[in-house]
Amino acid sequence: MVIQEFRANGGLVGGPFEGADLLLMTTAGARTGKPHTNPAVYLRDGDRLLVFGSNAGGPKHPDWYHNLLADPQVTIEIRENGAIRKHAAQAVPLEGAERDHFYEVQSRLAPAFRAYAEATTRVIPVVALNVLRLDADRVKAIGVQLRRHHDALRAELRRLREDPTTRRDLRDHCLAFCDNMRMHHLREEGAFTAFEDHDPALAPVFARLREEHHVVAGVITEIAGLADDPDRLRPELDRLAEELETHFAYEEAHIG
6 MVIQEFRANG GLVGGPFEGA DLLLMTTAGA RTGKPHTNPA VYLRDGDRLL VFGSNAGGPK
66 HPDWYHNLLA DPQVTIEIRE NGAIRKHAAQ AVPLEGAERD HFYEVQSRLA PAFRAYAEAT
126 TRVIPVVALN VLRLDADRVK AIGVQLRRHH DALRAELRRL REDPTTRRDL RDHCLAFCDN
186 MRMHHLREEG AFTAFEDHDP ALAPVFARLR EEHHVVAGVI TEIAGLADDP DRLRPELDRL
246 AEELETHFAY EEAHIG
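Per this note's numbering, the very first residue in the sequence shown carries number 6; after that it's consecutive.
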């Protein structure tokens, strides 16, 4: 699979994407909020990365396009200096002449895109991904936003642990919370790259936070597997609450 090959080989893949400028883009599902990752060919335009909703010339826009219309905050993985780096980005669909210009540029560079356009009656979307760059004001705003997200997750986990729900409600609530945590950490790791570029001295802080994300991800995987077993689930939720509180406190002290 392209995604696994991309991650295993530092952003290099074979097959039909060999030699192409390729990135991975993770969006939140428009209906579910679950993270969805898709490979996409990109065109660089200054600080922007342009991606194309060709869907290989199919009659419908790709699912990722509908996802980013519902929530334009995305996380990308891209090869830089021989390694993969994650970035937070804001997705903005291009319109009119600007869209037409860049689709024509891409079609000249990769003739398959002209064939895709000829194979469908829809206008293939062109989306600009504006990678997060930080200044002092943006750092402060992200700190405020971070605390809000953490407080929302704390409250959600507290309700999950305390509410007298039915077995099915507990299962559904548990799986939804796990998806929210995965999405939150994916987005954070994209933002971490911007913080490291803004202040390289913070690299050890973000190395620790990424490792803590790995630990929390393991607990979340276990919890998701116990969603139908309330007696075993509840102690794991207590363990997750302890892990998260330590993690959140450290993160807020250094970012918030």
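Cβ atoms here follow ideal geometry from the backbone N, Cα and C, with glycine treated the same way.
It is roughly 21 Å from the alpha-carbon of L28 to the alpha-carbon of G38. Bounds of any alpha helix (DSSP H) do not take in N60, whose DSSP letter is neither H nor E. In this structure P205 is exposed. Its beta-carbon is surrounded by fewer than 16 other beta-carbon atoms within 10 angstroms.
One Cα belongs to L48, the other to H92, and the distance between them is close to 16 Å.
Ranking V79, G20, G223 by CA distance to the CA of R192 puts V79 first. Contact annotation: E227 and E241 have beta-carbon atoms nearer than 8 Å.
Bounds of the beta strand (DSSP E) holding D50 are 40-50. With contact defined as three or more Cβ pairs closer than 8 Å, the region 180-189 and the region 152-170 are in contact. With 16 or more neighbouring CB atoms inside 10 Å of its own CB, E82 falls in the buried class. In this structure, F118 is the residue among D68, F118, R113 with its C-alpha nearest to the C-alpha of G62. Relative to the Cα of A96, the nearest Cα in the group A232, G15, S112, L74 belongs to L74. A direct Cα-Cα distance of roughly 55 Å separates L114 from R172.
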